[in-house]
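Right, one structure below, let's go through it.
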């Protein structure tokens, strides 16, 4: 009978530890994902900004040497990521592939123009810089027109600011929620031992002596939960980097390492502080108050 009771108690204890570890791991995992989002928010926004293209259309009488000189000067500019020369033949082939039919069969000739596609660095994708680049290109006699989507650039920059603000706000709120959830799990774990705590106190054990094993046990649970969360984060980060290789999510291992260290430290600190105050509360209660 005694052996059966001990087994039952052991199963309950293991189940309690497992639920604490699981809750810590899940909460820290979600906080970690938000952290990854915050760290890579600029990379994602920069990636989309650098897809904006400024197209410089050239006149039919533009000389090859003039075109190459313009393309070379643009490529060397600090605000340009890269350039691409698109001949009127290439443009026609692209339109044919897009529309599924050859428009030149109806027109009888190729009305398109040779052009240079300019892709800017993310920091320079603003209305002011685009207008400046456009005006500089139009000073060339052989440049016919400069085209870019100004409305898209404005919308993109406004949305990036809004999204960045909300991501930071939600991350802060979620971190507070994470602390409260982990604290609740630890308090419930300590609550189940409240009579053991009071018994040890009644036989003369000091508060520090009683508190120490509970704190160390919770820290170990926090470390295990944090490690589980970090493994999950590493798996997600690996597959995201593999799927979206162009974002180069692993290009800054120092920041990622600091985030992982922060998540691990967060799991340890929260469990430590929560256990300290939870045990302190039951140590200060009178025996009859333990039943409420």
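Residue numbers (full-length UniProt numbering): 1 to 292. In this text, a Cβ means the ideal position worked out from N, Cα and C, and glycines have one as well. In this text the structure is predicted, and so the values were computed from the model without any measurement.
| In terms of alpha-carbon separation, which member of 270, 281, 272, 227 lies closest to residue 260? | 227
| request: Measure the alpha-carbon distance for residue 120 versus residue 178 and round it to whole angstroms. | output: One Cα belongs to residue 120, the other to residue 178, and the distance between them is close to 40 angstroms.
| Straight-line CA distance for residue 138 to residue 37? | 40 angstroms
| Inter-residue CB distance, residue 182 and residue 271 (contact presumed, cutoff 8 angstroms) | 7 angstroms
| query | Who does residue 117 pair with in a DSSP beta bridge? | reply | 55, 84
| field | Residue of 130, 54, 238 minimising C-alpha distance to residue 33 | value | 238
| query | What first and last residue would you give for the beta strand (DSSP E) that runs through residue 218? | reply | For residue 218, no beta strand (DSSP E) encloses it; the enclosing alpha helix (DSSP H) starts and ends at 207 to 243.
| Going by other Cβ atoms of all chains shown within 10 Å of its Cβ, with 16 needed for buried, is residue 172 buried or exposed? | exposed
| query | Which residues share a DSSP beta bridge with residue 143? | reply | 58
| field | Beta-carbon gap between residue 31 and residue 185 smaller than 7 angstroms | value | no
| request: Would you check if the distance between the CB atom of residue 88 and the CB atom of residue 114 is smaller than 7 angstroms? | output: yes
| In chain order, what residues of the same chain have a beta carbon less than 6 angstroms from the beta carbon of residue 211, not counting five sequence neighbours either side? | 279
| task | Taking 8 angstroms as the threshold, find out whether the region 49 to 57 comes into contact with the region 143 to 159 through three or more Cβ pairs. | result | yes
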